[in-house]
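Notes follow the structure.
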Amino acid sequence: MNEAPVAITRLPHGADLPWPRYATPDSAGLDLVAAITGEIVLAPGERHLIPTGIAIALPPGVEGQVRPRSGLALRHGVTVLNAPGTIDADYRGEIGVILINLGRDPFTITRGMRIAQLIIAPCLRANWMPTTELPASLRSTGGFGSTGLFGQRRERAGDA
C-alpha cells in the first residue's frame, strides 16, 4: 500500500483524544473522532458541524476525503452531509465533519465517538483542452438512469 507523508497537529480541545488511525491493516479510511464537550443530540433531519480536534498538512497532489462510517449510516441513518467532504492540500484549519441525521430517532454524539473516516487519495488537476466537439462514446449523453436498474440500457426515442 502506498503512503503519503501527512503532518498532523492536535488542537487544544482535542489534546486527550487519539490520533486518527486505521482500524485494521487493510482499512482504507482513518477514523475521525468527535472533539466536543459534553454531547450533541442530532434530531431527525438536523445537521451539525462536528470538530475533530486535529489539523493536517497534505502534500501537493493529494486530497483528503471525509466519508461516512457505514455502521452509523445503516444503524442510525447518520451520515456525512457533503460526502465526500474534500480537504485540499493547502488547507491548514481544523477538520470538521458535517453530520446529518436522516434516521427516525434522535442520535447522540459524545466526545471521542468515531464519526467519520478520512481517506488520503491522489488528486489529478484538469488540463482543459477546448474543442468544438467531444469524442464519441457508447454512452453518449445518457445519464440519470439511462443504463437501467438491472444493467439493461433503456432504449429512448432517437436511439439507433
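The sequence shown: position 35 = 177 (my numbering), numbered continuously. Backbone N, C-alpha and C define an ideal beta-carbon position, used for all residues, glycine too.
Local conformation of residue i per DSSP, three classes
i, result
"L216", "helix"
"P202", "coil"
"P154", "helix"
"L223", "coil"
"E188", "coil"
"D247", "coil"
"T194", "strand"
"E145", "coil"
"R211", "coil"
"L174", "strand"
"T228", "strand"
"T252", "strand"
Boundaries of the beta strand (DSSP E) in which residue i is found, first to last residue
i, result
"N243", "E236 to N243"
"P162", "Where P162 is concerned, there is no enclosing beta strand (DSSP E), given that its DSSP letter is neither H nor E."
"I261", "R256 to P264"
Residue j beta carbon less than 8 angstroms from that of residue i
i, j, result
"I262", "V175", "no"
"E205", "A231", "yes"
"V208", "I229", "yes"
"L266", "I240", "no"
"T194", "G235", "no"
"I257", "I192", "yes"
"V183", "T252", "no"
"P248", "P210", "no"
"L153", "G254", "no"
"A177", "G203", "no"
Which residues DSSP lists as bridging residue i, in chain order
i, result
"E275", "DSSP output for E275 lists no bridge partner at all."
Using a Cβ distance threshold of 8 angstroms, determine whether the region 214-221 contacts the region 195-206, with at least three qualifying pairs required.
Result no; under three Cβ-Cβ pairs closer than 8 angstroms.
Is the region 153-172 in contact with the region 253-262, if contact means three or more CB pairs nearer than 8 angstroms?
The region 153-172 makes contact with the region 253-262; the number of CB pairs closer than 8 angstroms reaches 3 or more.
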